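Chemist:
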Amino acid sequence: MDVIRQRQQVDVCIVGSGAGGGMAAKVLTEAGADVVMLEAGVMWDPVEDSAMLAWPYDSPRRGSATPERQFGEFDAGLGGWTLEGEPYTTADDDDFDWFRVRMLGGRTNHWGRISLRFGPDDFKARSNDGLGDDWPISYDDISPYYDAVDQLVGIFGSREGLPNDPDGHFMPPPQPRCWEQLIKRSADDLGITCIPSRLSILTQPLGDRVACHYCGQCNRGCGTHSNFSTPSVLLPPAMATGKLRIIANAMAREVTVDDRGMATGVAYINKSSGREEHIRARVVVLAASACESARMLLNSKSEHFPDGLANGSGTVGKYLTDTTGTDVAGFIPGLVDGVPHNEDGVGGAHLYMPWWVDNRKLDFPRGYHIEIWGGRGMPGYGFMGGIHRFPGGGGGYDRDLKQLYRAYYGSVVGFSGRGEMIPNEDSFCEIDPNVVDRWGIPVLRFHFKWTDHETLQVKHMQETFRELIEHMGGTPFGSMPGAENGYGIAPGGRIIHELGVTRMGDSPRSSVLNSNCQAHEVKNLFVADGGPFVSQANKNPTWTILALAMRTSEYIAEQSRQGALG
Amino acid sequence: MTDLDRRRVLGLLASAPAALAWRPADVLLAGDRSRAARQAAVAAGAVYEPRFFTAHEYRTVRVLVDLILPADERSGSATDAGVPEFMDFMMTDQERQQVPMRGGLAWVDIECRERYGAEFVDCASEQQHELLGLLAWGYPDASDQPEELDLAQSDDSDDDDSSIRPTPLPPVSSLSHGIAFFNRFRDLTATGFWTTEMGITDLQYDGNRFTRWRGCPDEQLRKRGLIEEA
C-alpha cells in the first residue's frame, strides 16, 4: 500500500478530539506548539449540525434511534454500541459493550455534563481499604487543575464542604424542579445527602459564551455554546492560535518509533481515500478514548516493543473498569395531574445525591452517587411506554385511556446509581488474534467480570431507590432483580466510563505511564484520556480527564522548552 | 485537512455568539424549518399510500388506533394526528418491528374469525369493543417489554437506562399473544399521537424554547404541599 509520508515534522500529534485531546490542543497550541489533531470521525459543528429545538414531529421517526445515532436521531452523539465496519469481540461468557462515537469532539457531544471532582480519598483508596491501588498523585496535585478547568469551562454547583466531594468555582445552580423537591424531601427524611448538581452548563455568561437558555437539550449539542463540548469550548481558542490543524476521517493505526525507541509520529488511514498516511511529530499524545488508545499501543509492535508500545510491564489493556449502574423508576401518585408549566431546565437533573454512607456499616467497599430523572419533558419516541404497567390500573383504551395519559404525564421519577468498580484481573482488553476492522487494523477483545464488591453495591442501590420511591408514596416499576441477575447491574461498558487500561503509577513494572501520564518507556509519548486512571471513584470521569490532560499538556510544554523530550 | 473541513472549523469559530444574546433570526429560522416539515408531512398524508401495511392491514390499523385514542373535547383522534402513517414509517425504518406487527394484526383476525366469524374490521362495533376489553388490561408475561421505554424523557443522561422489569402477572394463556401485541401497539399509538403538534398541545407541554428558569411556580408547589396554602 502506498504510504504518504509528510516531510514536515510537527511538534505534537494528538490522536482524538474529545475531552482529553481538546484540552491538549488548547494548552499546547497556546504554549506555541504546532499541533496536528487526528479525528477518526467527521467534522461536527454544534451550531450548524445540532438538532436543538427540533420537535418530535419534525421527523417521521419522532426522535427514535437509528443505526448511526443509537441514543436517538436528535442526539448529538454519532455512534453507538456498534459501528459499521469496526467490530470488537468479547471473550466467552463475558458481557462488555463498547460505546464509541466518530465525530469532532468525540463523546463530549454525548454526555450528561455531570462534572464531579474526585476527592482526596479517591486518590488513596487502597490506603483506606486495601483494595485496588493508590494513584501516584494526590488531590493536592490535581486540585489547581480542577480549579482552572472550572474557570475555563464553566460549572454550576453549591459549596457544601463535603470532605470527599470537593467544592469548585461554581456558578449559581438552577432552582430545583417540583419533582426534584419532592425527591429531596424524601432523601432528607431518609438521611440521604441531596444537593444541587454540578454540571458544566453556564448559568452566567463566561467569556464570549452566553448563559443557558433552559431548553433541556444539552445532549443534542448546544447551538449557543452554553454547555461543555470540545468543539464549543476548547477547539475555538486552539484554532485561534493558527497552530492547530485538524484532520478528520483519520483512523489512527499505529504509533511509529525510531531505532532508539522514541515515537516518531502516527500512521493513520485516510478514510476518504483509503490510503495510509503518516504524521511526523516530536511528541505523540494519545487521547482516542481509553480502550482505543490501548488498542493503538498494543498494535504498535516493533523490535524495541514486541508486545506493543510502552508495554514492557504487560499492563496495557489491564485494569479495565466501568462504572457500576442500575436504575429504578416508580409511579408517584402525588405527582399525578400536575400544573402545566415549562420545567425543561438545564439538560440534566438540578439535584443529585453524592455518596453518603460510612462503609464500615456495609458489606461492600466504596460507594455510588445517585442521578435522578422525571418531569414533564418534551414527548418523544417511547412517550409513556408501558402504560399497562402503572400500578393501580393502567392500560385500557378509549377516552379513559386518553385521560390517563394526561393525568400520568410527569408522574414518574427514576433513580440511577453510578458507583465505583474495583479493578480486577478478569477485566481487561487485548488484541483479538483473528479479527480485523475494515481497514485491516486488529480489533480489541474484551474480558469483563463483576465481583461481589460491585453486585452488593448495586443491591444497596436497588434497595435505596425502592425505599425512596415508597417513601414518596409511590410504587416502583417491577420487583427487585435477584442475585442470579446481579441485582440488576448493567453490563460492563453500558455506563460508558471505561477507564484504566494505560494506568499511571510510580513503578514501570506495574504501570504504563508515570505520574505525568508520560510513558515510562517512551519519553515523548503521553496519554490524555481515561486510560491513565488508577481507580474509578464514584464520579463521572470527564472533569478528571480534563484536569489531567491540562496538567499533562503543561508538563509537555515545559519539558519541550527544556529540550527534555528528545 | 481539506478546504471544506477548514472552512467548517473556521465557521465554527465565527459562529460563536459575539453578543451575549441568542439571535432572534436563528429562532425564527428554526421555527420556519419545522413548520415547513410539518406542512410537507400533512401534504404527504393526504395521498398516503402505505409502504409496509397491506390495504387490509392498514384498514385494521386505522380502526384500532382510533379505538385506542378517539377524538374528545381536547383533541382529535389518532387518525387525525397521522398515527397510521407514523406506524407505517416506523415499520419500514425498524425492520425488527415488522414481524410482531404483521403477526399481531393477523392474530387479531384469527381470533375474530373464531369468535365472531369475521375479520376485525368487519366485526360489529360491540364485538370489536368486546375483544379490546379482553386485551387492554394486564400483560401476559415479563418478556413483554416496550421497545424503547421513555417514561420520563431521561435522555439527558450520558448513561444507558437499562430497561425496567415489570412484575409479571399470571399469564392469560389463551390471549397472551394478543395482549402482548396490544401492549406494543398501544405504546406505538401513544408515541404516534402525543408526539404530534396536536398531542403536545393537548398535554400543555410548554417547553422546547428559550426561557429563563426561575424555579417551579407557586401553584404547583402548593398543590404538592411544598409550600403552605396561601
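Chains A and B, in that order, give the protein sequences.
Residue 1103 in the numbering used here sits at position 513 of the first sequence; the count goes up by one each step and never skips.
Residue 747 in the numbering used here sits at position 97 of the second sequence; the count goes up by one each step and never skips.
All C-beta atoms in this analysis are idealised placements derived from N, C-alpha and C, irrespective of residue type, glycine included.
Note that the coordinates shown come from a computational prediction; the quantities given were computed from them, not determined experimentally.
#1: What is the DSSP secondary structure of residue 784 of chain A, counted as helix, strand or coil?
#2: Does the pairing of the region 825 to 845 of chain B with the region 749 to 758 of chain B give three or more beta-carbon distances under 8 Å?
#3: Could you tell me which chain E residues have their CB closer than 7 Å to the CB of residue 720 of chain B, listed as they occur along the chain?
#4: If you compare alpha carbons, which of A:1079, A:1088, A:1029 is closest to residue 674 of chain A?
#5: Give a yes or no on contact between the region 927 to 942 of chain A and the region 1066 to 1076 of chain A, applying the rule of three or more CB pairs nearer than 8 Å.
#6: Using a C-beta to C-beta distance shorter than 7 Å, which residues of chain B count as neighbours of residue 992 of chain A?
#7: Check the Cβ of residue 787 of chain B against every Cβ in chain A and list those closer than 7 Å, keeping chain order.
#8: Would you mind giving the Cβ-Cβ distance between residue 1090 of chain A and residue 1048 of chain A, rounded to the nearest angstrom? I have them listed as a contact below 8 Å.
#9: Assess contact between the region 951 to 959 of chain A and the region 1041 to 1059 of chain A, defined as three or more Cβ pairs (one per stretch) separated by less than 8 Å. Is contact present?
#10: Verify the CB distance criterion: does residue 702 of chain B have a CB-CB separation below 8 Å to chain A?
#11: For residue 693 of chain A versus residue 631 of chain A, is the C-beta spacing smaller than 8 Å?
#12: Give the interface partners of residue 772 of chain A over in chain B, defined as CB-CB distance under 8 Å, in chain order.
#13: Relative to the alpha-carbon of residue 1113 of chain A, which residue among A:935, A:848, A:878 has its alpha-carbon at the smallest distance?
#14: Does the distance from the CB of residue 1142 of chain A to the CB of residue 833 of chain A come in under 8 Å?
#15: Buried or exposed for residue 869 of chain B, please, with buried defined as at least 16 other CB atoms from any protein chain shown within 10 angstroms of its CB.
#16: May I ask which residues mark the beginning and end of the beta strand (DSSP E) holding residue 842 of chain A?
#17: Could you tell me the alpha carbon to alpha carbon distance between residue 602 of chain A and residue 637 of chain A, rounded to whole angstroms?
#18: Where does residue 650 of chain A sit, in a helix, a strand or coil, going by DSSP?
#19: Closest Cβ-Cβ distance between residue 705 of chain B and chain A: below 8 Å?
#20: Are the CB atoms of residue 1035 of chain A and residue 679 of chain A nearer to each other than 8 Å?
#21: Exposed or buried, which one is residue 887 of chain A when buried takes at least 16 other CB atoms within 10 Å?
#22: Would you list the residues sitting across from residue 1035 of chain A in a DSSP beta bridge?
#23: Helix, strand or coil: which one does DSSP assign to residue 1103 of chain A?
#24: Which residues of the region 646 to 657 of chain A have a Cβ closer than 9 Å to any Cβ of chain B? Give them in chain order.
#25: With a CB to CB cut of under 7 Å and the five nearest residues on each side skipped, what residues in its chain are close to residue 835 of chain B?
#26: I need the straight-line Cα distance from residue 824 of chain A to residue 1032 of chain A, nearest angstrom please.
#27: Would you kindly report the start and end of the unbroken beta strand (DSSP E) that includes residue 943 of chain A?
#28: Could you check where the alpha helix (DSSP H) with residue 563 of chain A kicks off and where it finishes?
#29: So the candidates are A:600, A:607, A:926, A:617; which of them puts its Cα closest to the Cα of residue 1146 of chain A?
#30: Could you pull the start and end residues of the alpha helix (DSSP H) that residue 897 of chain A belongs to?
#31: Quick one, are the C-beta atoms of residue 1129 of chain A and residue 959 of chain A less than 8 Å apart?
#32: Below 6 Å CB to CB, which residues in the same chain sit around residue 727 of chain B once its five sequence neighbours on both sides are set aside?
#33: Among the candidates A:875, A:677, A:822, whose CA atom is the shortest distance from the CA of residue 600 of chain A?
#34: Compare the Cα-Cα distances from residue 718 of chain B to each of A:622, A:1062, A:1153, A:994 and report the closest residue.
#35: If the cut is a Cβ gap below 8 Å, which residues of chain A does residue 866 of chain B touch?
#36: Would you say residue 974 of chain A lies against chain B (beta-carbon separation less than 8 Å)?
Modeler: Inspection of the coordinates gives the following:
#1: Here the question's residue 784 of chain A lines up with position 194 in the first sequence. Three-state DSSP puts residue 784 of chain A in coil, outside helix and strand.
#2: Yes, the region 825 to 845 of chain B is in contact with the region 749 to 758 of chain B.
#3: Any reference to chain E falls outside this structure, whose protein chains are A and B.
#4: Within the first sequence, numbered from 1, the residue matching residue 674 of chain A stands at position 84. Closest option to residue 674 of chain A, Cα to Cα, is A:1029.
#5: As far as the Cβ criterion goes, the region 927 to 942 of chain A does not touch the region 1066 to 1076 of chain A, which means the pair count is below three.
#6: Position 402 of the first sequence, counting from 1, holds the residue named residue 992 of chain A. For residue 992 of chain A, the neighbours in chain B by C-beta distance under 7 Å run, in chain order, 719, 722.
#7: As a position in the second sequence, residue 787 of chain B is number 137, starting the count at 1. Correct list: 985, 986.
#8: Counted from its first residue, the first sequence places residue 1090 of chain A at position 500. Counted from its first residue, the first sequence places residue 1048 of chain A at position 458. So it is not a contact: roughly 20 Å between Cβ atoms.
#9: The count of Cβ pairs closer than 8 Å, one atom from the region 951 to 959 of chain A and one from the region 1041 to 1059 of chain A, reaches three, so the stretches are in contact.
#10: By one-based count along the second sequence, residue 702 of chain B stands at place 52. So no, residue 702 of chain B is outside the interface.
#11: Counting from 1 along the first sequence, the entry for residue 693 of chain A is found at position 103. Counting from 1 along the first sequence, the entry for residue 631 of chain A is found at position 41. Yes, they are a contact pair.
#12: Position 182 of the first sequence holds residue 772 of chain A. Ordered by position in chain B, the residues that pass the 8 Å Cβ test against residue 772 of chain A are 874, 876.
#13: On the first sequence, position 523 is the one that residue 1113 of chain A refers to. The shortest Cα separation from residue 1113 of chain A among A:935, A:848, A:878 belongs to A:848.
#14: Here residue 1142 of chain A refers to the residue found at position 552 of the first sequence. Here residue 833 of chain A refers to the residue found at position 243 of the first sequence. Going by C-beta atoms, residue 1142 of chain A is not nearer than 8 Å to residue 833 of chain A.
#15: Residue numbering aside, residue 869 of chain B sits at position 219 when the second sequence is read from its first letter. By the Cβ-count criterion, residue 869 of chain B is exposed, with fewer than 16 other Cβ atoms from all chains shown falling within 10 Å of its own Cβ.
#16: In the first sequence, counting from the first residue as 1, residue 842 of chain A sits at position 252. Boundaries of the beta strand (DSSP E) around residue 842 of chain A: 840 to 847.
#17: Position 12 of the first sequence, counted from the first residue, corresponds to residue 602 of chain A. Position 47 of the first sequence, counted from the first residue, corresponds to residue 637 of chain A. Within the model, the alpha-carbon separation for residue 602 of chain A versus residue 637 of chain A is close to 28 Å.
#18: Within the first sequence, the letter at position 60 stands for residue 650 of chain A. Per DSSP, reduced to three states, the secondary structure at residue 650 of chain A is coil, with no helix or strand assignment.
#19: Counting from one through the second sequence, the residue named residue 705 of chain B turns up at place 55. Using beta-carbon distances, residue 705 of chain B does not count as an interface residue toward chain A, since no partner is under 8 Å.
#20: As a first step, residue 1035 of chain A is located in the first sequence; it is residue number 445 there, counting from the start. As a first step, residue 679 of chain A is located in the first sequence; it is residue number 89 there, counting from the start. Against a cut-off of 8 Å, the Cβ pair of residue 679 of chain A and residue 1035 of chain A comes out as a contact.
#21: The residue labelled residue 887 of chain A in the question sits at position 297 within the first sequence. Classification for residue 887 of chain A: buried.
#22: What you label residue 1035 of chain A is simply residue 445 of the first sequence in a count that begins at 1. For residue 1035 of chain A, which the question treats as bridged, DSSP gives the partners A:679, A:1020.
#23: One-based indexing of the first sequence puts residue 1103 of chain A at position 513. Strand at residue 1103 of chain A.
#24: So the close ones are 646, 647, 648, 649, 650, 651, 652, 653, 654, 655, 656.
#25: The count along the second sequence starts at 1 and reaches residue 835 of chain B at position 185. Once the five neighbours on either side are set aside, the close Cβ partners of residue 835 of chain B are 714, 754.
#26: Locating residue 824 of chain A in the first sequence gives position 234, counting from the first residue. Locating residue 1032 of chain A in the first sequence gives position 442, counting from the first residue. Cα to Cα, the separation comes out at about 32 Å.
#27: Numbered from 1 along the first sequence, position 353 holds the residue referred to as residue 943 of chain A. From DSSP, the beta strand (DSSP E) with residue 943 of chain A extends over 941 to 943.
#28: Any question about residue 563 of chain A goes unanswered here, given that chain A covers just 591 to 1156.
#29: Against the first sequence, residue 1146 of chain A aligns to sequence position 556. Nearest option by C-alpha distance: A:617.
#30: On the first sequence, residue 897 of chain A is found 307 positions in, with the first residue counted as 1. In this chain, residue 897 of chain A is not harboured by any alpha helix (DSSP H), its DSSP state being neither H nor E.
#31: As a working mapping, residue 1129 of chain A is identified with position 539 in the first sequence. As a working mapping, residue 959 of chain A is identified with position 369 in the first sequence. Yes. Within cutoff.
#32: One-based indexing of the second sequence puts residue 727 of chain B at position 77. Counting only Cβ-Cβ distances below 6 Å, and skipping sequence neighbours, we find 716, 720, 721.
#33: Residue mapping note: residue 600 of chain A aligns to position 10 of the first sequence, counting from 1. Among A:875, A:677, A:822, the Cα nearest to that of residue 600 of chain A is on A:875.
#34: As a working note, residue 718 of chain B is residue 68 in the second sequence. Of all alpha-carbon atoms in A:622, A:1062, A:1153, A:994, the one lying nearest the alpha-carbon of residue 718 of chain B is that of A:994.
#35: In the second sequence, the residue the question calls residue 866 of chain B occupies position 216. Within chain A, the residues 765, 766, 767, 768, 771, 931, 933 have their CB atoms less than 8 Å from the CB of residue 866 of chain B, given in chain order.
#36: As a first step, residue 974 of chain A must be located in the first sequence, where it is residue number 384. Yes - at least one Cβ of chain B is within 8 Å of the one on residue 974 of chain A.
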